[in-house]
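Going by UniProt numbering, 59 is the number at position 59 of the sequence shown; the sequence numbering is gapless. Read the structure below first, then the notes.
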Amino acid sequence: MSEVEEFEELRPLLFSIAYRILGSVSEAEDAVQETWLRFDGSATRPTSTKAYLSATVTRVSIDVLRSARVRREEYVGPWFPEPLLSDPYQDPARAVELADSVSMAALLLLERLSPLERAVFVLREVFAFGFDEIATAVERSEAACRQLLVRARRHMRDGRPRFAADRRERQELATRFFDALKDGDVGGLRKLLAADVRLVGDGGGKAPQLARAVTGAENVARLLGGVFPWLLRIDVSLEPREVNGQPGAILRDRDGKVLHTLVLDVLDGQIQTIRTVVNPDKLGHLGPVGDAWAVDREVKQARRRPN
């Protein structure tokens, strides 16, 4: 097998490691590309290509995350990971861990960890790497890696997201939610929402977004039920999709351009959190991005017109 073939075979794994460390599709793709450049430029062939590439993409991702942390501290409004429609790495033996670790809630929880803790947690808990491999990847002793994992587990356990185990149940609830959303059925929406549900948006100051999180079933139902029928009137479409392993949707303008994504956290038969990503910088990998400001203005104009 050639170098290129070996690399391409491992690319899904490398991207999945980088995305979980970085929470960004674009940064993960850049980390994978940098890993290839280092692999291609190496004068010697590693004993284990998988170990070498995994270690390299981990180190690159840690460096990127350290610099990204500064930017995220200055971010306008809530920061969410870039939405991921499908995880390219599949492993039936780790299916549950892989699905759980890519959710928006889990990725946000990982933000609490230091870059080293995050890398160790991802390699061990999600991908089941041995401590010898992890130690090489993060350039620390095995004992230090074990301590990093203990601290990471403690942070993750304190706020561990819990989701409904039944995938079909989640999908059926999401279908009912999106039907009620399209109809502007405030009562129907209210029945599907937890009493303390939160609606939070990430616009990064570059798109229309909520001034603050909206909390409570009544408030969220009224807001969504009041806005979505108007979006549909100006030919905005709602495309149900799985986003970050959870029920979600992509909203598109009349030209099919992406406006934002929406993800639902479901637990105990109710929607606990609704997260939207509107920042156009985080949507480009999904296709051409629409002008959310123009859509917002059009909705406001439509609502002012007499019936």
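From the three backbone atoms N, C-alpha and C, an ideal C-beta is built for every residue, glycine too.
- Collapsing the DSSP output to three states places Thr58 in a helix.
- By the beta-carbon neighbour count (other beta carbons within 10 angstroms, threshold 16), Gly201 is buried.
- Counting only residues of its own chain and dropping the five nearest sequence neighbours on each side, Val236 has a CB closer than 8 Å to the CB of Leu251, Arg252, Asp253, Arg254, Leu259 and Val295.
- Proximity of the stretch 166-186 to the stretch 133-152 falls short of the contact definition, fewer than three beta-carbon pairs being nearer than 8 Å.
- A direct Cα-Cα distance of roughly 37 Å separates Ala249 from Tyr52.
- Distance from the CA of Leu231 to the CA of Ala105, rounded to the nearest whole angstrom, comes to 27 Å.
- Between Leu84 and Ser141, the alpha-carbon positions lie close to 33 Å from each other.
- By the criterion of a C-beta distance shorter than 7 Å, His155 is surrounded in its chain by Arg112 and Leu113, once the five residues flanking it on both sides are discounted.
- Three or more Cβ pairs drawn from the stretch 55-72 and the stretch 119-139 lie within less than 8 Å of each other, which places the two stretches in contact.
- Distance check between Phe7 and each of Trp36, Arg20, Val277 and Ala195 places Trp36 closest, using alpha-carbon atoms only.
- For Ala143, the closest C-alpha among the options Arg151, Phe131, Ala152 and Arg153 is that of Phe131.
- In this structure Trp293 is exposed. Its beta-carbon is surrounded by fewer than 16 other beta-carbon atoms within 10 angstroms.
- Taken through DSSP and simplified to helix, strand or coil, Gly201 comes out as strand.
- In this chain, Leu262 is not harboured by any alpha helix (DSSP H); it is covered by the beta strand (DSSP E) spanning Val258 to Leu267.
- CA-CA distance, Phe129 to Leu123, rounds to 6 Å.
- Each of Arg38, Gly77, Leu22 and Gly187 was checked against the Cα of Ala68, and the nearest Cα belongs to Leu22.
- Gln33: member of the alpha helix (DSSP H) spanning Val25 to Gly41, first to last residue.
- The beta carbons of Thr273 and Thr261 sit no closer together than 9 Å.
- DSSP lists Arg252 as the beta-bridge partner residues of Ser237.
- When secondary structure is reduced to three states using DSSP, Ala135 falls in the helix class.
- A straight-line Cα-Cα distance of about 6 Å links Gly245 and Ser103.
- For the pair Leu264 and Pro240, the Cα-to-Cα distance works out to about 11 Å.
- Counting only residues of its own chain and dropping the five nearest sequence neighbours on each side, Pro115 has a CB closer than 7 Å to the CB of Ile62, Leu65 and Arg66.
- Pairing Gln301 with Tyr75, the inter-Cα distance amounts to about 30 Å.
- Residue environment: Gly203 is assigned as buried (16 or more neighbouring CB atoms within 10 Å of its CB, all protein chains considered).
- Per the DSSP secondary-structure output, Glu242 pairs in a beta bridge with Pro247.
- If you draw a straight line from the Cα of Asp158 to the Cα of Leu109, it is about 9 Å long.
- The alpha-carbon separation between Val197 and Gln209 amounts to approximately 18 Å.
- Using a Cβ distance threshold of 9 Å, Leu107 and Ser16 do not count as a contacting pair.
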